[in-house]
Amino acid sequence: DAYGHVNNTVYFRYFEQTRVEWLERMGSRVSVEEPVGPVIINASCTFLAPVNYPATVVIKMYAGDPGRSSVMTWYELFVDGDERLYAEGAAKTVWMDMRTGKSAPIPDVVRALFDPPVA
Numbered sequence: 064d065a066y067g068h069v070n071n072t073v074y075f076r077y078f079e080q081t082r083v084e085w086l087e088r089m090g091s092r093v094s095v096e097e098p099v100g101p102v103i104i105n106a107s108c109t110f111l112a113p114v115n116y117p118a119t120v121v122i123k124m125y126a127g128d129p130g131r132s133s134v135m136t137w138y139e140l141f142v143d144g145d146e147r148l149y150a151e152g153a154a155k156t157v158w159m160d161m162r163t164g165k166s167a168p169i170p171d172v173v174r175a176l177f178d179p180p181v182a
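When you number the sequence shown by the numbering used here, it's gap-free, plus one each residue, and the end is 182.
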C-alpha cells in the first residue's frame with residue numbers, strides 16, 4: 064500500500080493458500096471439477112502489527128474438530144526471523160455440493176485427517 068505495508072486483503076490470501084496447501088498435502092483435491100468442495104462462509108483477521116513489503120511470512124494453521132460438513136481453522140502470521148505475532152485469523156469452512164449449493168458431509172479423505180490412528 065502507500066505506506067509500504069502488505070495490504071490487508073493479502074492476509075486473507077495467505078490464509079487461503081495455507082489452507083489449500085494443507086488440504087492438498089493431506090490428499091484432498093481442491094478443484095472446481097470436484098462435485099463437493101470447501102467454501103469459506105466466515106473469515107476474520109485481527110491485524111496486530113503492519114508487515115512491511117517485501118517480507119517472507121510464516122503462517123501457522125490450526126484446525127478444530129470437524130462437524131458434519133464444516134470445520135474451523137485458525138491462523139497466526141509471523142514474519143520470518145521475527146517472533147512477534149503480526150496477525151491472527153480464523154475461517155469457517157463448509158463443504159458444499161457444487162450442483163445443489165447445499166452443505167455436504169466432509170469427504171472421508173478429509174475427515175480422516177482429523178481422526179487419530181486406531182491402534
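Cβ coordinates follow ideal geometry from the N, Cα and C atoms, glycine included.
Values in this document were obtained by computation on a predicted structure and should not be read as measured data.
For residue i, three-class secondary structure by DSSP
i	result
residue 79	helix
residue 143	coil
residue 72	helix
residue 134	strand
Same chain, Cβ closer than 7 Å to residue i, neighbours up to 5 away in sequence not counted
i	result
residue 75	106 and 108
residue 90	172
residue 70	64
Boundaries (first-last residue) of the beta strand (DSSP E) holding residue i
i	result
residue 157	148–160
residue 99	99–110
residue 121	120–126
8 Å Cβ cutoff met for residue i and residue j
i	j	result
residue 118	residue 142	yes
residue 78	residue 129	no
residue 120	residue 148	no
Spatial distance of residue i from residue j (CA atoms)
i	j	result
residue 73	residue 163	31 Å
residue 155	residue 137	9 Å
residue 151	residue 83	18 Å
residue 81	residue 87	10 Å
residue 100	residue 125	19 Å
residue 122	residue 85	11 Å
residue 169	residue 161	13 Å
residue 111	residue 133	27 Å
residue 96	residue 102	14 Å
Endpoints, the alpha helix (DSSP H) within which residue i is located
i	result
residue 171	171–174
Min CB distance residue i to chain E below 8 Å
i	result
residue 142	Checking the listed chains, one finds no chain E in this structure; it contains a single protein chain.
Cβ-based neighbour list, residue i, same chain, cut-off 8 Å, excluding 5 preceding and 5 following
i	result
residue 113	66, 68, 69 and 149
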